[in-house]
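Going down the list, the sequences are from chains A and B. If you use my numbering, the first sequence corresponds to residues 488 to 815, in order. If you use my numbering, the second sequence corresponds to residues 922 to 1184, in order. First comes the structure, then the notes that go with it.
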Amino acid sequence: MIEPVINISHLTKTFKVYKKQPGLLGSVTSLWKREYVEVKAVDDVSFTINPGEIIGFIGQNGAGKTTTLKMLSGLLYPTSGNVSVLGFDPWDRKPAFQKQFALVMGQKNQLWWDLPAMESFLLNQAIYEVPETEFRKTLNKLMDLLEVRDIANIQVRKLSLGQRMKCELIAALLHSPKVLFLDEPTIGLDVVMQKVLRDFIKSYNQDFGATIILTSHYMGDVKELCKRAIIIDHGHKIFDGDLQDIIDRYARNKILSIIFSEKVTQKKLTEYGEVKDFEFPKATLLVPRSIATKTAAKMLSELPIADVNIEEPAIEVIIRDVFESKAA
Amino acid sequence: MYKYWFLFKIYWQNTLAYPLSFAIWRFRQVLATFASVTVWLAIFQDNQQAFGYTRDSMISYIFLIGFLQSIILATEIGGLGQQIYEGQISNVMVKPLKVLGWIGAIDLADKAYNFAFLIVETLILYLIFRPHFVLPTIPFFLAFLVTTFLGAVLFFLAMLLIGVMGFWSPDNWGIRFLFYMFIDFTAGRLYPLNILPQVLQNILRWTPFPYFSYFQSQIFLGKLDWMQIQQSFTVLLLWIALLAVSFRYFWLKGLKGYGASGH
């Protein structure tokens, strides 16, 4: 049986938040009377993660994703519940644990701003006590993978966001962590750079057998990298499983994309499903998943159709629907 | 230890990347000593003695106190509270480092950097004012070195204690300002504390402020006997213990409520 790398059970984190009354009067009143409310950022979340998995941690802003990652990193003290990463309690912040994981926050940097990134790499070599030969080997590999050899000796403040993010990743990975927490690693990057980072994360996972938890607002990141996803909403875990299962469980409809050979009316099309889009000769219909094949066959026999395709809705749409239905 | 030494070096590299602000800061320090000596020279123009000090002994005193404060009060952790409040220490907390080791290495690097400038400044000021020093005997000189080191430790702990407030509020600028104000008036920078009324001197002896430079200057200038040194030394150690225990208590309490916001 495989021993999980990450094991969290009934994890809860509550923050006490100051609730200010609006306006100047509220500001003055707050000098002697402050109202605090308790906010549950993470509420009774449990899951396990096995070695080598890449997990997509999905949720809206404020859902509790980053708070969970911070507890897994030992930055936050859980209000209740248990956390174990690589057999350690992260809160103990033992060096033996810290040498085996890395936390990368998009757009937040550990690089020394006024110095070339290489100086931060060397500092991390000293901090993580990486032997010289191993350091050079890993550094060369990472610099080649991310193509940063020509910028490593340029002052960090002079680099573009994408270049900085690449250097951030290198700084975080020089000690070859077994567990990697990536919080919005592609945020603010253009599509080309997003692709470069995704490819890199994928190859790092394969080459180093690293376990990765990734949070991202870009479903492209999750789709391309993660087989398994955990969805979190208002601090609660609402889904944990294969990405395909999200589609099976939450996608109510399939999409029929049709091209007609002769004119049909929109009214006629509504007999078969919900018309999302119609501009002759093309039409897009939403049809309940259970009868999608039957409906397509029926339409083929009853209507002048040149071509028909049955498609799954985009994962972004399904997840948006999940959150909207929860909100409703 | 190598990691902290590396940190020490990288701090110097970072400061040397844009040295102008630091040079101006040092210039301000030189100017403060220069102004102070000039004011006292004006006072002594028509007097052989003032407040029990001769012209030479007062200039030596001002010179020495400027030197001591440049060492003891040089710090890089004035912004610690803000860094904690804004979650900037998270980067350090996730690494195999002692957070206090990190802060200490940075602070020590800053002191060493200041000290390097101080040597040159002191030479220049010495050539201008030619203060007359009688060097203390070796035992007193050793006591001077030890208490200077402990004064720096006390100040470091005081700054940590102010910084740790960042776990609860970003609003510690005012306290830091007040603390420095107290230092200006009670650590001997503007005048020797023994010109104050005796009752005030007696009160100040029990506060931490004279130990940020005044006490050390008096040892160097041979104005204290061994009994007085022992008594003050005990007070200094008690303050160090009190601040260390308080810091540890608030640090551990603060960490449990740390929100790592921003990051």
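Positions of the beta carbon are idealized from the N, C-alpha and C atoms, including for glycine. The model shown is predicted, which means the values in this text are computed figures rather than measured ones.
Per-residue contacts from residue i into chain A (C-beta, under 8 Å)
i: Y1170(B); result: None at all; the shortest Cβ gap to chain A is about 16 Å.
i: L1173(B); result: Within chain A, no residue comes near L1173(B); the closest Cβ sits about 10 Å away, beyond 8 Å.
Listed by chain order, chain A residues near residue i by CB distance under 9 Å
i: L928(B); result: L610, A613, I614
i: L1018(B); result: P582, Q585, I614
Backbone CA spacing between residue i and residue j [nearest angstrom]
i: G539(A); j: N692(A); result: 7 Å
i: K1016(B); j: L1081(B); result: 20 Å
i: L928(B); j: D708(A); result: 35 Å
i: L1164(B); j: Q1122(B); result: 22 Å
i: F1141(B); j: Q1151(B); result: 15 Å
i: L1099(B); j: Y1135(B); result: 19 Å
i: F988(B); j: T1043(B); result: 7 Å
i: H1184(B); j: L590(A); result: Confidence is the limiting factor: at H1184(B) the pLDDT is only 48, short of 50, which leaves the residue's position unreliable, though a coordinate-based value still follows. For H1184(B) and L590(A), the distance between alpha carbons rounds to 10 Å.
i: A550(A); j: T752(A); result: 44 Å
i: T1107(B); j: Q585(A); result: 44 Å
i: I1040(B); j: L1046(B); result: 10 Å
i: S1090(B); j: L1001(B); result: 12 Å
i: L656(A); j: S571(A); result: 24 Å
i: P565(A); j: D1146(B); result: 55 Å
i: K741(A); j: E761(A); result: 11 Å
i: T499(A); j: Y705(A); result: 26 Å
i: N548(A); j: D677(A); result: 21 Å
i: I489(A); j: P940(B); result: 55 Å
i: L1157(B); j: L1075(B); result: 8 Å
i: A817(A); j: K682(A); result: This structure cannot speak to residue 817(A), because chain A is shown only from 488 to 815.
i: I802(A); j: L633(A); result: 28 Å
i: M786(A); j: I778(A); result: 12 Å
i: Q1004(B); j: G1087(B); result: 7 Å
i: T936(B); j: K645(A); result: 17 Å
Under the three-state DSSP convention, the category residue i falls into
i: H1184(B); result: Its pLDDT being 48, under 50, H1184(B) is placed unreliably by the model, and the measurement read from it follows with that caveat. Correct three-state label for H1184(B): coil.
i: A528(A); result: strand
i: Y1047(B); result: helix
i: P603(A); result: strand
i: K586(A); result: coil
i: Q753(A); result: helix
i: Q597(A); result: coil
i: M680(A); result: helix
i: Y505(A); result: strand
i: E655(A); result: helix
i: T698(A); result: strand
i: R736(A); result: helix
i: L772(A); result: strand
i: M922(B); result: coil
i: A953(B); result: helix
i: F1076(B); result: helix
i: N640(A); result: coil
i: L1056(B); result: coil
i: L1145(B); result: coil
i: Y759(A); result: coil
Per-residue contacts from residue i into chain A (C-beta, under 7 Å)
i: N1012(B); result: Q597
i: Y923(B); result: A613
i: Q1177(B); result: According to the sequence as given, residue 1177(B) is Lys; it is not Gln. Per Cβ cutoff of 7 Å: Y564.
Contacts of residue i in chain B (Cβ-Cβ under 7 Å)
i: F502(A); result: G1180
i: L590(A); result: V1015
Where residue i meets chain B, residues with beta-carbon distance less than 8 Å
i: L602(A); result: I931, Q934, N935, A938
Closer than 9 Å at the beta carbon, the chain B residues around residue i
i: E606(A); result: I931, Q934, N935
*Just by C-beta distance, which residues in the region 550 to 565 of chain A are closer than 8 Å to chain B?*
K557, S560, G561, L562, L563, Y564
*asked:* Counting only Cβ-Cβ distances shorter than 7 Å, please list the residues of the region 932 to 952 of chain B near chain A, keeping chain order.
replied: Q934, N935, A938, Y939
*Cβ contact (3+ pairs, closer than 8 Å) linking the region 1055 to 1066 of chain B and the region 1016 to 1036 of chain B*: no
*Mind listing which residues of the region 1015 to 1048 of chain B have their C-beta closer than 7 Å to chain A's C-betas, in chain order?*
V1015, K1016, P1017, L1018
*Counting Cβ pairs, one atom from each stretch, are 3 or more of them under 8 Å apart for the region 1085 to 1105 of chain B and the region 955 to 974 of chain B?*
no
*Please determine if the region 601 to 617 of chain A and the region 632 to 639 of chain A are in contact, where contact requires at least 3 C-beta pairs separated by less than 8 Å.*
yes
*Per the contact definition of three or more C-beta pairs closer than 8 Å, is the region 524 to 531 of chain A in contact with the region 553 to 568 of chain A?*
yes
*Could you tell me whether the region 1005 to 1012 of chain B touches the region 963 to 970 of chain B, where touching means 3 or more Cβ pairs closer than 8 Å?*
no
*Are at least three pairs of beta-carbons, each pair with one atom in the region 1021 to 1028 of chain B and one in the region 1047 to 1054 of chain B, less than 8 Å apart?*
No, the region 1021 to 1028 of chain B does not touch the region 1047 to 1054 of chain B.
*Given 8 Å, three or more beta-carbon pairs between the region 764 to 774 of chain A and the region 726 to 744 of chain A*: yes
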